[in-house]
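Numbering (my numbering), first residue to last: 3 to 316.
What follows is the structure, given as structure tokens:
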């Protein structure tokens, strides 16, 4: 999804910095992104090798990005790296707690560290004796405020509706929702330096990551997911960018994702207060049936296949 989104943004005229661990894959990705550029003579592209699960990685990435960009910080930061390690929480043959820590390090703390590093850069107070941000940008003279910066978190539809088998993964994505809602309110403290938060909720994406997931995914999880269509990275990226261009706070990339989004908004920002509220009234009625059907599927699976921890002979 990250590569597909990068190519799409390049085709729309954006200059990009790609971040990942593997330099070889970064070089391949950079070539594809460069080839997608709308204006190759004016757009700029580079990459920075970094492990988002390593504590303290983000400040170095931001510093390198600013140095490469002539002393200017990025306008948009999209936290998109992630992994999923499905398994049954109580399975004695798998270490679900170790898997959860790894998922949290990549999916939550990787995004959390980057958001903190870039916000500290964007929101830093001006030097002493310097004109205020408002005066410097012309706000006090009646001119428009500066264009907002943007942080985009990448969650999952599983942050909206949990299902069996994703114990190590789902909490990391729910945590991102909580961080996003908190930052969305906190940023009201900085009216002269506008920053917008967005959260994207993909479903199943056709990718090597999905193939790795399926190696450990419990059979009941595969059964519950069998009717959910997997989307190509390009389709997911296109829908995500379209929602971001509309200024949506919570960006669902499918009809099902939008229903889930409206059913669990709580204190979250609404994309459209009227539509989201009305759909939010309807979704609990749908969930009344869906949850009972899914729980019945799980119970039926247990009756048919026996104790989950007993390995049947082939």
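Ideal Cβ positions, reconstructed from N, Cα and C, are used throughout, including at glycine.
Whole-angstrom distance between residue j and residue i, CA atom to CA atom
i, j, result
"residue 213", "residue 126", "43 angstroms"
"residue 138", "residue 146", "Residue placement at residue 138 cannot be trusted, given a pLDDT of 47 that sits under 50; the coordinates are not used to answer."
"residue 82", "residue 56", "16 angstroms"
"residue 202", "residue 195", "23 angstroms"
"residue 13", "residue 39", "5 angstroms"
"residue 277", "residue 283", "10 angstroms"
"residue 65", "residue 76", "11 angstroms"
"residue 80", "residue 246", "11 angstroms"
"residue 267", "residue 285", "11 angstroms"
"residue 60", "residue 155", "15 angstroms"
"residue 29", "residue 49", "8 angstroms"
"residue 224", "residue 265", "24 angstroms"
"residue 93", "residue 112", "27 angstroms"
"residue 100", "residue 47", "36 angstroms"
"residue 148", "residue 123", "16 angstroms"
"residue 16", "residue 95", "47 angstroms"
"residue 241", "residue 248", "11 angstroms"
"residue 262", "residue 294", "16 angstroms"
Beta bridge counterpart(s) of residue i as assigned by DSSP
i, result
"residue 176", "Bridge partners of residue 176: none, in fact."
"residue 89", "168"
"residue 151", "197"
"residue 18", "47"
"residue 203", "254"
"residue 233", "207"
"residue 156", "202"
Exposed unless 16 or more other CB atoms sit within 10 angstroms - verdict on residue i
i, result
"residue 229", "exposed"
"residue 273", "buried"
"residue 309", "exposed"
"residue 216", "exposed"
"residue 35", "buried"
"residue 179", "buried"
"residue 297", "exposed"
"residue 44", "exposed"
"residue 8", "buried"
"residue 62", "exposed"
Cβ distance (whole Å) where residue i is taken to contact residue j below 8 angstroms
i, j, result
"residue 105", "residue 117", "About 18 angstroms separates the two Cβ atoms, so there is no contact after all."
"residue 172", "residue 181", "Contact flag wrong, Cβ pair sits at about 15 angstroms."
"residue 167", "residue 258", "Contact flag wrong, Cβ pair sits at about 18 angstroms."
"residue 280", "residue 205", "Wrong, their Cβ atoms sit about 23 angstroms apart, outside the cutoff."
"residue 207", "residue 233", "6 angstroms"
Quiz item: Can you list the beta strand (DSSP E) stretches of 3 or more residues lying completely in the segment 236-303, in chain order?
Solution: 252-254
Quiz item: Which ranges would you report for the alpha helix (DSSP H) in the segment 54-82 if only whole runs of at least 4 residues count?
Solution: 59-70
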